[in-house]
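Just below is one structure, and these are the notes that go with it.
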Amino acid sequence: MANEDLPRIRLSPAPSATLLVVRGGAIDTDLVRTDAVRFRRRYPRWGRYGISAYFAIDDQEIDVLCETRLERFDTAAIFTHSDLVLAGVEVVPTFRRPHATLANADLELLIDGLRSCAPRIVSNRFHRGPGGVSP
Numbered sequence: 475m476a477n478e479d480l481p482r483i484r485l486s487p488a489p490s491a492t493l494l495v496v497r498g499g500a501i502d503t504d505l506v507r508t509d510a511v512r513f514r515r516r517y518p519r520w521g522r523y524g525i526s527a528y529f530a531i532d533d534q535e536i537d538v539l540c541e542t543r544l545e546r547f548d549t550a551a552i553f554t555h556s557d558l559v560l561a562g563v564e565v566v567p568t569f570r571r572p573h574a575t576l577a578n579a580d581l582e583l584l585i586d587g588l589r590s591c592a593p594r595i596v597s598n599r600f601h602r603g604p605g606g607v608s609p
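When we follow this note's numbering, the leftmost residue of the sequence shown carries the number 475, and every step to the right adds one.
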């Protein structure tokens, strides 16, 4: 199988100052399930279900992510890194910094772990609707 069957995992671990992990949108179980299954089909050799997220250190970095990477979402879910790890969710630095994949080999454990963390949901003041227009 080709390397395309594995996500690009960065050699360097999450920055030690990382406290927060940001995901665009609310944590909707059906959406997480759909995204995680799609990820597993895309990267079958890794053997995990996963969803995209981003590392952040503080609220200023969250704003930057909302403006530059999450503008299509009207909200963002903010998790603490330690809560995710305690809930059994792997937080893996993948692709380009500050991207991360929230992962688990068991889909239901991934979903349950995310739900158990009770993320802080913030409004994305940089949200752009279809066509890049502010709603």
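The beta carbon of each residue, even a glycine, is placed where N, CA and C say it ideally should be. All of these numbers come straight from a predicted model, not from anything done at the bench.
- When the Cα atoms are used, tyrosine 523 and arginine 599 turn out to be separated by approximately 30 Å.
- Comparing alpha carbon positions, the residue from Leu493, Arg507, Arg484 and Ser486 closest to leucine 588 is Arg507.
- Phenylalanine 569 counts as exposed, since fewer than 16 other C-beta atoms from the protein chains shown sit within 10 angstroms of its C-beta.
- In this structure, phenylalanine 529 sits near threonine 492, with a CB-CB distance shorter than 8 Å.
- For histidine 573, the pairing in a beta bridge is given by DSSP as Tyr528.
- By the Cβ rule, the region 561-568 counts as touching the region 579-597, because three or more pairs are nearer than 8 Å.
- Beta-bridge partners of threonine 568 (DSSP): Ile483.
- Look at phenylalanine 513 here: in three-state DSSP terms it is helix.
- DSSP, read as helix, strand or coil, puts glycine 498 in strand.
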